[in-house]
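Q: Before we start, here is the structure in question, set down as structure tokens.
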Amino acid sequence: MHRFGKTGDAIVGEKSVTELCRHAVDMAMKDAGVSWKQVQAVSAASSRFSGGKGWGLNGNDIVEDFGCTGIPVYNLSAGCAAGGNAFNIGYSLVAGGIHDLVLVVGGEVMPKGMIQTSGVADANDPEYLRQRCIGMPGPAFWATLARRRMFDYGTTEEQMAKVTVKARKCSESNPFARFQKAVSLDEVLASPYVSNPLRLFEICPVSNGAAAAVICSKEMARRFTSKPITVATSAVATIGFDDALPRSLAGPVPSGPSFHTEAKSAVLKAFERSGIGPRDISFTELQDNTCYYELAFPEEWGLCEPGEAERLLEAGETAPSGRMPINPSGGFVSFGEATTAMGVFQIAELTWQLRGQAGGRQVPDAKVGLAQTNGLGGNATAAILKR
Amino acid sequence: MTERYTMNEIANTAALREPCVPGLFSEEEGARLHGARCTCCNTPYFPRVATCRNPSCDESRIVPCTFGGEGKLWSYSVADFPPPPPHRYDQPFVPYAIGVVDLDSGLRVVGQMVDPAEAMQVGARVRLVIEPIHHGDGKAFTSWKFKLL
């Protein structure tokens, strides 16, 4: 992984996405004891913002940079879920016996400020219509969900702020996080609203960063290590027709609660395929674009009971030492979002946790980890890794 | 022309009001969203669609229809900072609330709220209206919004 940062800062400076990815890929190959010549295919997350020859061909940039060996490249596009999609394809290629060793990579150099639409005034593009006619950027989308949770469960702004306090406490011992300093409850509550009820410290900023992973067959893994981390499963899903929150302008009023149907579907599929249930999960890395998700997702996936998340948070159960650790890495709130790197960043964190290499943020005796991403267009992924 | 009219006069003069995107809504016969409904499964759509998207619908039978009237605020958010383009707004920027509204006709619609954020309450009754979102070139560019009842 390349530590996350912001364009112009001391961490990433003016590095291009290829430079960030080179660092991450080098580190992953060294960690695995693998040389570039042994890589049989690349599964890469496509960026809309940087590199990729303007066409999202980021995997081809990597192959050019490391040497054109003629291997197949898969460029995956799924908004912020692209890293998770790239991991899924890498896993599927190895599990399906097509390749023995695949490199998975995602990286991003993000433009400043709130993520914008394509810039094309196309009245057939629902995202254009939503921004032109309403003006509803990402944070407002998350704030709508958070406000509804406050109505349904009585969640307070203070409780949401406590999620950030917990996350930033974890980040202190993560050398790859952009922010590595704890924040107090007062500091979070003093940060300005970006979209009421969500505040600046409760929303992930945009970041630059990169992450990479090496997946190989069980037989081949024996050549490199006696203690491989196993991919129990990887799943991809898209949004359901009855989802609660319209992703464009409107939808039918759903008949029951149907939040984040793409994420729920991906995670439940992963449970079903692996035979690993929510109670077997030692820790979870989930997509916390905002602290709200740390409260809502675990309930929707059966990691805890509906309406129970706030109590678990306040009892310290979502911290690395708790019964239901969520985002021991510090999460998106500590890293910021380098969109297409995120699904792969989670795999790196899962691996370090399962090996017991996570230092001060280590989940004690971590055996099984769950990772989840969400992306524009109603995309989601889930992966379960075990030691 | 712009110097001879105040912003309010422009907004209140029908001939100077222009939809920010044409064809999506109208106000000549009251505030209406131009959508569609599948007469097979009764699913409402806005904007219009060519075919029914309900995976459990047996036969797509789409007819154009319009939506308006009243509904209930399901949830809301606030644009505390100016949103990026292609949205446009009058200077100086004034934060606005964005509602997700369940119209009585069965459509869940996202739209700006007319009233200030402090007045919002989940569950409040609202009505669809057409109101300006920004002014320019002597015109008031309109969109659909919701007003608290």
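Residue numbers (the numbering used here), protein chains in the order written: chain A, 1 to 387; chain B, 1001 to 1149.
A virtual CB, placed ideally from N, CA and C, is assigned to each residue, including glycine.
Using the Cα positions of Asp1115 of chain B and Glu308 of chain A, report the straight-line distance between them to the nearest angstrom.
A: One C-alpha to the other measures close to 34 Å.
Q: Thinking C-alpha only, which one of B:Cys1052, B:Arg1032 and B:Pro1047 is nearest Thr1039 of chain B?
A: The candidate whose alpha carbon is nearest that of Thr1039 of chain B is B:Cys1052.
Q: For Ile134 of chain A versus Val1110 of chain B, is the C-beta spacing smaller than 8 Å?
A: In contact: Ile134 of chain A and Val1110 of chain B (Cβ atoms closer than 8 Å).
Q: Determine whether the beta carbon atoms of Ala45 of chain A and Gly343 of chain A lie at a separation below 8 Å.
A: In contact: Ala45 of chain A and Gly343 of chain A (Cβ atoms closer than 8 Å).
Q: Check Trp403 of chain A in the structure and name its three-state DSSP category.
A: Any property of residue 403 of chain A remains undetermined from this structure, which presents chain A solely from 1 to 387.
Q: Note down, in chain order, every chain B residue with its Cβ under 8 Å from the Cβ of Tyr128 of chain A.
A: By Cβ distance, chain B contributes Pro1086.
Q: Taking 6 Å as the limit between beta carbons, can you name the residues of its chain near Pro126 of chain A, skipping five residues before and five after?
A: Within the same chain, Pro126 of chain A has close Cβ partners Ser248.
Q: Quick check on the DSSP output: the beta strand (DSSP E) that includes Ala1097 of chain B runs from which residue to which?
A: From DSSP, the beta strand (DSSP E) with Ala1097 of chain B extends over Tyr1096 to Leu1103.
Q: Taking all protein chains shown into account, do 16 or more other C-beta atoms lie within 10 angstroms of the C-beta of Ala1014 of chain B, making it buried, or fewer, making it exposed?
A: Under this definition Ala1014 of chain B is an exposed residue.
Q: Just grab the DSSP bridge partners of Ser234 of chain A for me.
A: DSSP output for Ser234 of chain A lists A:Ala383 as bridge partner(s).
Q: By Cβ distance, which residues of its chain are closer than 6 Å to Arg199 of chain A, with the 5 residues on each side in sequence left out?
A: These residues qualify, in order along the chain: Ser191 and Tyr193.
Q: Can you grab the Cα-Cα spacing for the pair Asp365 of chain A / Arg48 of chain A, in whole Å?
A: Cα to Cα, Asp365 of chain A sits roughly 39 Å from Arg48 of chain A.
Q: What's the call for Pro1044 of chain B, buried or exposed, on a 16-neighbour Cβ count within 10 Å?
A: Label assigned to Pro1044 of chain B: buried.
Q: Taking only three categories from DSSP, how would you classify Ala341 of chain A?
A: Helix at Ala341 of chain A.
Q: Mind pulling the chain B residues with CB within less than 7 Å of Phe241 of chain A?
A: Arg1053, Asn1054 and Pro1055, listed in chain order.
Q: What are the uninterrupted segments assigned as beta strand (DSSP E) that are 3 or more residues long and contained completely in the segment 111-199 of chain A, given in chain order?
A: Listed in chain order, the complete beta strand (DSSP E) runs (minimum 3 residues) inside the segment 111-199 of chain A are 193-195.
Q: When burial is assigned at 16 or more other CB atoms within 10 Å of the CB, is Glu108 of chain A buried or exposed?
A: It is buried - the Cβ of Glu108 of chain A has at least 16 other Cβ atoms within 10 Å.
Q: If the cut-off is 7 Å on Cβ atoms, which residues from the segment 196-222 of chain A count as contacting chain B, listed in chain order?
A: For the segment 196-222 of chain A, which is checked against every Cβ of chain B, the residues closer than 7 Å are Asn196.
Q: Run down chain A in chain order and give the residues with a C-beta less than 8 Å from the C-beta of Gln1112 of chain B.
A: What Gln1112 of chain B touches in chain A: Ile134 and Gly135.
Q: Quick check on this structure: which residue in A:Ile62, A:Trp352, A:Gly369 and A:His99 has the alpha carbon closest to the alpha carbon of Asp31 of chain A?
A: Asp31 of chain A has its Cα closest to that of A:Trp352, out of A:Ile62, A:Trp352, A:Gly369 and A:His99.
Q: Considering only the beta carbon of each residue, do Ala161 of chain A and Leu185 of chain A sit closer than 8 Å?
A: Yes; because the gap between Cβ atoms is below 8 Å, this pair is in contact.
Q: Let me check understanding here. Comparing Cα to Cα, which of B:Thr1006, B:Glu1009, B:Asn1008 and B:Val1021 lies closest to Ala121 of chain A?
A: Closest by alpha carbon: B:Val1021.
Q: Can you confirm whether Ala123 of chain A, when its beta carbon is compared against all beta carbons of chain B, has any partner nearer than 8 Å?
A: Ala123 of chain A counts as touching chain B.
Q: Whole angstroms are fine: how far does the CA of Pro257 of chain A sit from the CA of Gln1112 of chain B?
A: Cα to Cα, Gln1112 of chain B sits roughly 24 Å from Pro257 of chain A.
Q: Evaluate Arg149 of chain A with the Cβ neighbour count: other Cβ atoms within 10 Å of its Cβ, from every protein chain shown; 16 or more gives buried, anything less gives exposed.
A: With 16 or more Cβ atoms within 10 Å of its Cβ, Arg149 of chain A is classed as buried.
Q: I'd like to confirm the pairing. Which residues does DSSP put opposite Trp1144 of chain B in its beta bridges?
A: Bridge partners of Trp1144 of chain B: B:Ile1130.
Q: Using a Cβ-Cβ cut-off of 8 Å, state whether Thr144 of chain A counts as contacting chain B.
A: Chain B, which has a Cβ nearer than 8 Å to the Cβ of Thr144 of chain A, makes this yes.
Q: Count the other C-beta atoms from every protein chain shown that fall within 10 angstroms of the C-beta of Asp61 of chain A, then say buried if there are 16 or more, exposed otherwise.
A: It is buried - the Cβ of Asp61 of chain A has at least 16 other Cβ atoms within 10 Å.
Q: Look at Thr1142 of chain B and Glu1029 of chain B and say whether their C-beta atoms are less than 8 Å apart.
A: No, these two residues do not count as a Cβ contact at 8 Å.
Q: By a C-beta neighbour count over all protein chains shown, 10 Å radius and 16 as the cutoff for buried, is Arg323 of chain A buried or exposed?
A: Exposed, by the Cβ-count rule.
Q: Mind listing the chain B neighbours of Met114 of chain A? Cutoff is C-beta to C-beta under 8 Å, in chain order.
A: Those within 8 Å of Met114 of chain A in chain B are Phe1081, Pro1083 and Pro1084.
Q: Between Lys386 of chain A and the rest of its own chain, which residues show a CB-CB distance below 8 Å, the 5 nearest in sequence each way excluded?
A: Within the same chain, Lys386 of chain A has close Cβ partners Ile229, Thr230, Ala232, Ile276, Leu354, Lys367, Val368 and Gly369.
Q: Run the CB neighbour count on Cys68 of chain A, radius 10 Å, all protein chains shown included, and call it buried at 16 or more, exposed below.
A: Result: exposed.
Q: Between Leu1024 of chain B and Lys1139 of chain B, how many whole angstroms is the CB-CB distance? I'm expecting something under 8 Å.
A: Going by Cβ atoms, the distance from Leu1024 of chain B to Lys1139 of chain B rounds to 17 Å, so no, they are not a contact pair.
Q: Following the continuous beta strand (DSSP E) through Arg1108 of chain B, name the residue where it begins and the one where it ends.
A: First-last of the beta strand (DSSP E) with Arg1108 of chain B: Leu1107 to Met1113.
Q: Residues in the segment 248-274 of chain A with C-beta within 9 Å of chain B's C-beta atoms, listed in sequence order?
A: Cβ contacts with chain B: Ser248, Leu249, Ala250, Gly251, Pro252, Val253 and Pro254.
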